[in-house]
Amino acid sequence: TRSFSHAFLPGMKPDTAKSVSSLVSEALPLQLLIVEDDDTDARMIERVMQRDDPQAAVQRAATLAQARLLLGEVPFEVALVSHELPDGDCFELLAFLREEALRLPVVVLTRYGHEDVAVAAMKAGASDCVRKELDHRHLHQLPSRLHEAVHRHEQARQLEERARQLEQTKLIETLRSTVATVKHEINNPLAIISGNAQLLLELARFMELDDELIKPIRDIEEASLRIAESLDKLGNLREIITREYVQGEGSLIDLNSG
992 TRSFSHAFLP GMKPDTAKSV SSLVSEALPL QLLIVEDDDT DARMIERVMQ
1042 RDDPQAAVQR AATLAQARLL LGEVPFEVAL VSHELPDGDC FELLAFLREE
1092 ALRLPVVVLT RYGHEDVAVA AMKAGASDCV RKELDHRHLH QLPSRLHEAV
1142 HRHEQARQLE ERARQLEQTK LIETLRSTVA TVKHEINNPL AIISGNAQLL
1192 LELARFMELD DELIKPIRDI EEASLRIAES LDKLGNLREI ITREYVQGEG
1242 SLIDLNSG
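Per our numbering: the sequence shown = residues 992 to 1249.
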């Protein structure tokens, strides 16, 4: 199981921190990307993370270019990114993630006096910001802040997935209802057409009319039969779509409703 640092988030009650700890302890080892050009800082961060979770998979990039390459190869769960880097800054990495549609929580490391950077980074999509302290006190916060960022990201993903499933269910139900309505609206006049065609054929036979007069009536009857067959296919389509949706998405649509 994954260990968990009990350094609390600002304003976090101890009970809340413990609940997050119990949740994270059941998870798989953390997949972490550290983007930091300072070798000393990077080594200290790695030691803290490895002490918190010996099984954590931690990789480091010293530049944005290296980070981009790693992000294209490894399914990281979270990234810890220094604000300033030799070939850019955290904002460029956040922009890269957006452009590549990579859903990854990012915790930004800022220096003392860079509160404006933290605000801007959060607006740009960062999950959290941690200020570097000269006495390295911030290192003790990193495990809990990174785990919490992963937790919030997963919660948001689950909410989005649930919303997508609900929207798909709504669309399927709308389709089912529309198909049923269309079939009903066509069936009524079709029954009248078919019934009248049969009546006319009986009258034509009784009156021994010429075949040239009977043929158009038969054409009407045959056309009504083809329309009826098409309506049956339309009705089957409703159930086919629903079954495919249930098998593929696990929806709880009642196949017998509607």
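Note that CB positions come from ideal geometry on N, CA and C, so glycine has one too.
Who are Glu1037's beta bridge partners in DSSP?
Answer is none; Glu1037 lacks a bridge partner.
Extent of the continuous beta strand (DSSP E) run through Ala1047:
Per DSSP, Ala1047 lies in no beta strand (DSSP E) and is assigned neither H nor E.
For Ile1036, I'd like the list of residues in its chain whose CB is within less than 6 Å of its CB, leaving aside the five on either flank, ordered along the chain.
So the list reads Ile1025, once near-sequence residues are dropped.
Coarse secondary structure for Gly1186, derived from DSSP in three states
If DSSP states are grouped into helix, strand and coil, Gly1186 belongs with the helices.
If we count the other Cβ atoms within 10 Å of its Cβ and call it buried at 16 or more, is Gln1132 buried or exposed?
buried
Distance CB(Glu1068)-CB(Val1141) smaller than 7 Å
yes
Under 7 Å, do Asp989 and Pro1134 count as touching if we go by C-beta distance?
An answer regarding residue 989 cannot be provided, because it is not within the stretch 992 to 1249 covered by the chain.
Once the 5 residues before and after Ile1208 are set aside, which same chain residues still bring their CB inside 7 Å of it?
So the qualifying residues of the chain are Ala1188, Leu1191, Leu1192 and Ala1195.
Could you check what DSSP says for Gln1022 in three-state terms: helix, strand or coil?
Strand.
Where DSSP assigns a beta bridge to Asp1080, which residues make up the other side?
Glu1075
According to the neighbour-count rule (16 or more other Cβ atoms, all chains shown, within 10 Å of its Cβ), is Glu1176 buried or exposed?
Around the beta-carbon of Glu1176, fewer than 16 other beta-carbon atoms lie within 10 Å, marking it exposed.
When the Cα atoms are used, what is the spatial distance from Leu1157 to Ala1117?
28 Å
Going by DSSP in three states, Gly1241 sits in which element: helix, strand or coil?
Note that Gly1241 scores a pLDDT of 46, beneath 50, so its modelled location is shaky; the value from the coordinates is reported in the next line. Judged by DSSP in its simplified three-state form, Gly1241 adopts coil rather than helix or strand.
Can you give me the C-alpha to C-alpha distance between Glu1213 and Arg1167, rounded to a whole angstrom?
28 Å
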